[in-house]
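Working notes for the structure below.
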Amino acid sequence: MNPYVFMILLSSLGLGTTLTFASSHWLLAWMGLEINTLAIVPLMAQHHHPRAVEATTKYFLTQATAAAMILFASTTNAWITGEWDMNNMSSPVASAMIITALALKIGLAPMHFWMPEVLQGLDLLTGLILSTWQKLAPLALIIQTAQAIDPLLLTALGLMSTLVGGWGGLNQTQLRKILAYSSIAHMGWMLIILQYAPQLTLLALGTYIFMTSAAFLTLKSLSSTKINTLAMAWSSSPILTTTTALVLLSLGGLPPLTGFMPKWLILQELAKQNLPITATIMALAALLSLYFYLRLCYAMALTISPSTTNSITPWRVQTTQASLPLTLSTTVALGLLPMTPAILMLAT
């Protein structure tokens with residue numbers, strides 16, 4: 001792709017998200033979401049592979065459906081209340097439609113079916129943008145309108161997403177699909193706590209972005225898209241394989257890694273809010289996710305591929321990928337847990 005075109009598309013992505021962040025008017029927010037969608041579509045289809053074009057088409061259709069629903073719901077709300085302001089969502093029908101459309105945009109269960117299919121058809125860097133940057137604008141809208149949405153609906157969406165994200169990833173062999181289900185589960189964690197402590201939603205989002213970035217950039221560096229290719233990674237890059245295993249455990253939420261922090265604080269807050277059953281279901285759903293991360297770690301660190309050479313150090317190719325983003329995201333994904341008190345002080 002032409003670097004100038006690439007820069008225009010990336011800056012349009014930034015513009016769309018910033019526009020949605022800054023707006024309190026539904027039409028402006030909708031416009032930001034549309035710019036976002038239209039900017040990522042050429043990035044998704046840039047390789048002209050049938051699988052990529054199929055993924056792009058699926059993505060475009062789901063996003064267009066969600067955008068039409070948002071427009072319809074905000075028009076309905078404006079018709080009832082007489083204003084387009086986001087903070088005045090007094091119509092329960094409109095607010096239910098808005099949260100459904102935004103859930104479809106970010107791939108929350110039960111509107112998640114497009115997410116694994118689309119991610120599977122993309123290359124790893126575009127998949128990274130889809131899993132991180134594209135979640136920001138819809139989540140900002142969900143956070144802004146959370147007070148007007150039925151708490152039961154938010155809880156149901158959050159619980160269903162964590163359970164579906166856990167169950168769905170169990171029998172997958174494709175790494176991009178596993179990361180897609182991981183994304184669905186993490187979105188569930190963010191949504192479940194939104195009505196009680198929005199700052200914990202932001203904390204979970206921040207840690208999720210760093211951990212997912214580390215996972216995608218590592219897989220890009222290893223050129224891996226399937227579990228069986230992970231088994232051959234240790235002989236060519238042992239240090240990277242070690243940090244990858246730790247990043248995956250961090251995504252699963254094991255202490256003493258960064259991923260444990262948001263899960264621990266969210267479960268603590270749910271217990272404080274007198275919701276022990278919800279907290280228990282969330283903790284059990286986290287175990288489902290942890291199982292498939294452990295599967296990946298087992299494949300990487302504890303199995304030897306049958307096609308390895310007998311020489312002590314196999315021939316290694318120098319990578320052309322920039323190592324700084326990978327180093328930064330991996331460091332944050334592994335070592336932020338001791339900073340929890342400081343982060344809590346900043347958040348509250």
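Just so you know, the UniProt record's numbering puts the end of the sequence shown at 348, numbered straight through with nothing missing. Using N, Cα and C, we set each Cβ at its ideal position, and we do this for glycine too.
Identity of the residue in the options nearest residue i by Cα
i    : options                : result
P138 : F6, Q321, F260, A22    : A22
Q134 : P256, P198, G165, L10  : L10
W167 : F292, P341, M7         : F292
P198 : S235, A146, A245       : A146
M190 : A180, K177, L265, V247 : L265
A301 : T162, H25, N2, S236    : S236
Q172 : L288, L38, G14         : L288
L337 : T57, A204, L15         : A204
M7   : I281, P276, L43, P262  : L43
T207 : V332, H112, T278       : V332
Collapsed DSSP secondary structure at residue i in the structure displayed
i    : result
Q147 : helix
H48  : coil
H186 : helix
Q120 : helix
Q174 : strand
A271 : helix
G259 : coil
M69  : helix
A342 : helix
F210 : helix
A197 : coil
G158 : helix
T242 : helix
Q321 : coil
S236 : helix
L104 : helix
Residues that residue i bridges to, as DSSP identifies them
i    : result
H25  : D85
K226 : Q174
Nearest-angstrom Cβ-Cβ length linking residue i and residue j, presumed shorter than 8 Å
i           : j    : result
residue 426 : I99  : Since the first residue shown for the chain is 1 and the last is 348, residue 426 is missing from the structure and cannot be characterised.
F216        : L124 : 5 Å
R176        : T225 : 6 Å
N77         : S24  : Wrong, their Cβ atoms sit about 13 Å apart, outside the cutoff.
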